[in-house]
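In what follows, a structure is listed as structure tokens, so that the remarks can point back to it.
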Amino acid sequence: MKKAVLILALGLAFLQAFSANEQTEIKQQKAAVDTLKKDGIDPICKMKVKAGNTKTIVFEKVTYGFCSESCKKTFTANPKKYIK
1 MKKAVLILAL GLAFLQAFSA NEQTEIKQQK AAVDTLKKDG IDPICKMKVK
51 AGNTKTIVFE KVTYGFCSES CKKTFTANPK KYIK
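Following UniProt numbering, the numbering of the sequence shown begins with 1 at its first residue and continues without gaps.
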């Protein structure tokens, strides 16, 4: 009985630690999506995107800006297709 309680407690502790780590990663990803620091080009439609744009995604440590939510959604589905 004591072993079962110990195993259950260890399992719950492991799950809690894993959950906390996952939540931290999600917060870091959300924080990484910021404003565009300088003018750029939308990788989907090739339109100019001005600095300060908030429709951005950070992918492989590069911030990409988008002219619309539609272009952002398209990029999110398959980013490697649109980067050089």
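Each residue gets a CB set at the ideal place from its N, CA and C atoms; glycine is no exception.
All figures in this text were calculated on a predicted structure; none of them were measured in a lab.
### Query
Ordered along the chain, which non-local residues of its own chain (more than five positions away) have a Cβ less than 7 Å from that of aspartate 42?
The sequence position of residue 42 within the sequence shown is 42, counting from 1. Closer than 7 Å at the Cβ level, and outside the excluded window around aspartate 42, lie Val49, Gly65, Phe66, Cys67 and Cys71.
### Task
Put isoleucine 44 into one of helix, strand or coil per three-state DSSP.
Here residue 44 refers to the residue found at position 44 when the sequence shown is read from its first residue. Correct three-state label for isoleucine 44: coil.
### Task
Whole angstroms is fine: what's the gap from glutamine 16's alpha carbon to lysine 3's?
Counted from its first residue, the sequence shown places residue 16 at position 16. Counted from its first residue, the sequence shown places residue 3 at position 3. Spanning the two alpha carbons is a distance of roughly 20 Å.
### Message
Tell me the DSSP secondary structure of isoleucine 7 in three-state form.
### Response
As a first step, residue 7 must be located in the sequence shown, where it is residue number 7. If DSSP states are grouped into helix, strand and coil, isoleucine 7 belongs with the helices.
### Task
Determine which residues share a DSSP beta bridge with phenylalanine 59 and list them.
Indexing the sequence shown from 1 puts residue 59 at position 59. Bridge partners of phenylalanine 59: Val62.
### Message
Does cysteine 67 come out as helix, strand or coil in the three-state DSSP assignment?
### Response
The residue you call residue 67 lines up with position 67 of the sequence shown. Here cysteine 67 sits in coil by DSSP.
### Query
What's the C-alpha gap between glycine 11 and cysteine 45?
Walking along the sequence shown from the start, residue 11 turns up at place 11. Walking along the sequence shown from the start, residue 45 turns up at place 45. Rounded to whole angstroms, the gap between the alpha carbons of glycine 11 and cysteine 45 is 49 Å.
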